[in-house]
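**Student:** First, the structure itself, so that you have it in front of you.
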Amino acid sequence: SLSERLTNIFDRFSGRGKLSREDVEAGLREVRMALLEADVNFKVAKAFVESIRERAVGSEVLESLSPGQQIVKIVNEELVRLLGGEQRRLRYSPQPPTVVLLLGLQGCGKTTTAAKLALAVRRDGHRPMLVAADTYRPAAVQQLAKLGKDNQLPVTLPQGGMLPPELCAVGVAEAKRLNCDVVILDTAGRLQIDEKMLDELKEIRKRVDVGETLMVVDAMTGQEAVNVATAFDAAVSIDGVILTKLDGDARGGAALSMRQALGKPIIYCGVGEKPADLEPFAPDRMASRILG
Amino acid sequence: VMLRRDLDDEFYDDLLEVLVGADTGMGVAETFVSALRLRVKTERISTAEQALAGLKAEMLEALNSRDRRLSLDQSPSVVVVVGVNGSGKTTTLGKLAHRLKEEGRSVVIAAADTFRAAAIDQMKVWAERSGTLVVTHQLGADAGAVVFDAIASAQARGAEVVLVDTAGRLHTKSNLMVELAKVRRVVERATGAPPQETLLVIEAPTGMNAIAQAHAFHEAMPLTGIVLTKLDGTSRGGTIWAIESELNVPVKLVGLGEGIDDLNVFDPAAYLDALFA
Ligand SMILES: Nc1nc2c(ncn2[C@@H]2O[C@H](COP(=O)(O)OP(=O)(O)OP(=O)(O)O)[C@@H](O)[C@H]2O)c(=O)[nH]1
Ligand SMILES: Nc1nc2c(ncn2[C@@H]2O[C@H](COP(=O)(O)OP(=O)(O)OP(=O)(O)O)[C@@H](O)[C@H]2O)c(=O)[nH]1
Ligand SMILES: [Mg+2]
Ligand SMILES: [Mg+2]
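Set out below in structure tokens:
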């Protein structure tokens, strides 16, 4: 762990009395290593260390009896501050229905999360409608239909050769007809460099009044998290992030990278494959997870 | 990205950033960069172009030293795909069935993900697209039973290859990992040998956790190869350096898209070109 590694480093220096700035540099290098091991983006990790440097070379560390622990404390506090900030749940629109657009790379958990989100809003006293707007992936529609059926959730299915933007509009109309006040749009996984698929997202937002555009991200995502997030954000302006598969042991540094790149909050965490496995994001728990 | 510049400290720092940015991890990146620094000194390399060419040549030699062929000479050969959720197993199997059929082989698919919603439907679509027989049971059935039936089916019709799809599972879930050993035993009982190929499917966008995944899956069910998917994205899957050296399990196939033809044999030169693009 970071705290053990820092203790080892500073124990070597402790014989000489007070720590010097150079000694702290060695500690800061360990912090950077720990962040990179946790999949925090290279540039984000560098900037993070810069941001804590002044405090790290201050008296609170240099004159501490356990400087290693003090640095860990500073890192943890700064991580919590960066990850937390604007903490919120789903934003319901003043004029129903609230339309939630889920997007992200292939396989990150959008379809599963759509069902989880529907159950979460129902627990909040709302009436969700799911829209199976992935017309590409084999059996994607069946997947959402099954999740809907198993959990008594209405699902709008594609009709005829309907393309996703039109299908989303139909889903919203259907929701209004059935008095559902939250519409969750499940879309196909796509690469952030696929212009045609980015255009599809833009088209959906033209056809439908989207309240929340949420990017679904796999917690084990590595260095490209920043590029992926900024490209999607440039195309359709992301309102928030849902981090999935946090029931694994990925350190989740992508969370920090995303937060820095987008300036938008992580709203929910997927913590399993079942529809109930969705939790609100907890910055303090995420911070200690990233630190390892 | 790295050319036409001086061989100064900034060059080596930028090289570190390229490698780490490709998810090699700092350890692997520093090993390559310090080896390059030494080489530049001892061979008196004077330009960034030459240094980079030298590094690429060294990396290519390391990658080329491994046998990356699929072994499919049993009767039938059983190929099992395993990996964490969403990495691309089912899609990869569909592409592989197509590829093997094009090579003139007869294939049977075992739709042994009996857990996830519409997983069987998804495998059936790929089976249809590749013109392959697929053996299915119902949702919730025993995965081992599907595998057993698929092998029996293959043996009955003299099919050469059985491709087994499994449910995604996080390597931290020990009860799910234990299930893999069961699949292996079923294959052993049905054919007299363990699966000829056990392929771990990891996706390029995954960071350092891919290394932990590889270790855990290898322990649960000895791997014979890796499939690296989603290389058509911007992630470079640099974790394969650590995985190959730590486990001695080679990357055999790469996924380059969502279409049936988007599966290639791993090409080290192409991989390195993309890494340093
Ligand atoms: N363990 C775990 N598995 C998850 C979680 N969220 C999703 N999954 C699994 O991840 C896999 C992919 O989930 P999907 O919902 O199909 O992902 P997707 O983003 O809709 O995939 P595409 O539509 O192909 O882009 C499935 O096996 C899910 O059960 C999670 O929080 N934890
Ligand atoms: N761009 C791209 N997408 C891919 C590739 N391989 C798979 N995918 C996509 O990734 C998503 C997940 O693929 P699946 O085959 O369902 O993954 P899986 O491992 O079987 O998922 P689970 O069974 O739920 O664990 C789908 O949207 C696929 O189309 C690839 O090489 N490139
Ligand atoms: Mg989906
Ligand atoms: Mg699958």
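Residue numbers (this note's numbering), protein chains in the order written: chain A, 66 to 357; chain B, 3 to 279.
Just so it is clear, CB atoms sit at the ideal spot from N, CA and C, and this is done for glycine as well.
Note that the structure is a prediction, hence the values are computed from the model and not measured.
(1) Could you please give the first and the last residue of the uninterrupted alpha helix (DSSP H) stretch that includes Leu148/A?
(2) Hey, does Asn177/B have any beta-carbon neighbour from chain A nearer than 7 Å?
(3) Would you check if the distance between the CB atom of Ser89/B and the CB atom of Val203/B is smaller than 7 Å?
(4) At least one CB of chain A closer than 7 Å to the CB of Leu5/B: is that the case?
(5) Using the beta-carbon of each residue, which ones in chain B are nearer than 7 Å to Gly174/A?
(6) Which two residues bound the contiguous alpha helix (DSSP H) that contains Tyr14/B?
(7) Ligand 3: which residues have Cβ under 7 Å from any of its heavy atoms, chain order?
(8) Which first and last residues belong to the beta strand (DSSP E) in which Tyr333/A is found?
(9) If you run the structure through DSSP and keep just helix, strand and coil, what is Ile307/A?
(10) Looking at the C-beta of Ser237/B, does it have a partner C-beta in chain A at a distance below 7 Å?
(11) Could you tell me whether any Cβ in chain A is nearer than 7 Å to the Cβ of Val22/B?
(12) Measure the C-alpha to C-alpha separation of Pro196/B and Phe219/B and round it to an integer number of angstroms.
(13) Beta-carbon within less than 6 Å of Leu102/B's beta-carbon, same chain only, minus the 5 sequence neighbours each way: which residues are those?
(14) Mind checking Ile258/A: buried by the 16 CB within 10 Å criterion, or exposed?
(15) So that I know if they touch, is there some Cβ in chain A lying closer than 7 Å to that of Asn211/B?
(16) Please list, in chain order, the residues of the stretch 181-213 of chain A that have any C-beta partner in chain B closer than 9 Å.
(17) For Ala120/B, go through chain A and note every residue whose CB falls closer than 7 Å to its CB, in chain order.
(18) Measure the beta-carbon distance from Lys97/B to Asp264/B and round it to whole angstroms, keeping in mind my assumption that it falls under 8 Å.
(19) Between Leu100/A and Thr178/A, what straight-line distance do the alpha-carbon atoms span, to the nearest angstrom?
(20) I'd like the span of the alpha helix (DSSP H) that includes Asn66/B, first residue to last.
(21) Could you tell me the alpha carbon to alpha carbon distance between Arg255/A and Val293/A, rounded to whole angstroms?
(22) Do you know offhand how far Asp123/B's Cα is from Thr176/A's?
(23) Does the CB of Phe297/A have a neighbour CB from chain B at under 7 Å?
(24) Since Ala288/A and Gly227/B are thought to touch, with beta carbons under 8 Å apart, how far apart are those beta carbons, to the nearest angstrom?
(25) Just to check, is the beta-carbon of Asp115/B closer than 6 Å to a non-hydrogen atom of ligand 4?
**Tutor:** Straight from the coordinates:
(1) Pro132 to Leu148
(2) no
(3) yes
(4) no
(5) Gly88
(6) Asp11 to Gly23
(7) Lys175/A, Thr176/A, Asp199/A, Arg202/A, Ala205/A, Gln208/A, Asp251/A, Ala253/A and Gly254/A
(8) Ile331 to Gly335
(9) strand
(10) yes
(11) yes
(12) 15 Å
(13) Val109 and Val163
(14) exposed
(15) yes
(16) Tyr201, Arg202, Pro203, Ala204, Ala205, Val206, Gln207, Gln208, Leu209, Ala210, Lys211 and Leu212
(17) Ala204, Gln207, Gln208 and Lys211
(18) 6 Å
(19) 27 Å
(20) Ala50 to Asn66
(21) 10 Å
(22) 15 Å
(23) no
(24) It is worth fixing the name first, because residue 288/A is Gln in this sequence and not Ala. Not quite, the Cβ-Cβ distance comes to about 24 Å (not below 8 Å), so this is no contact.
(25) yes
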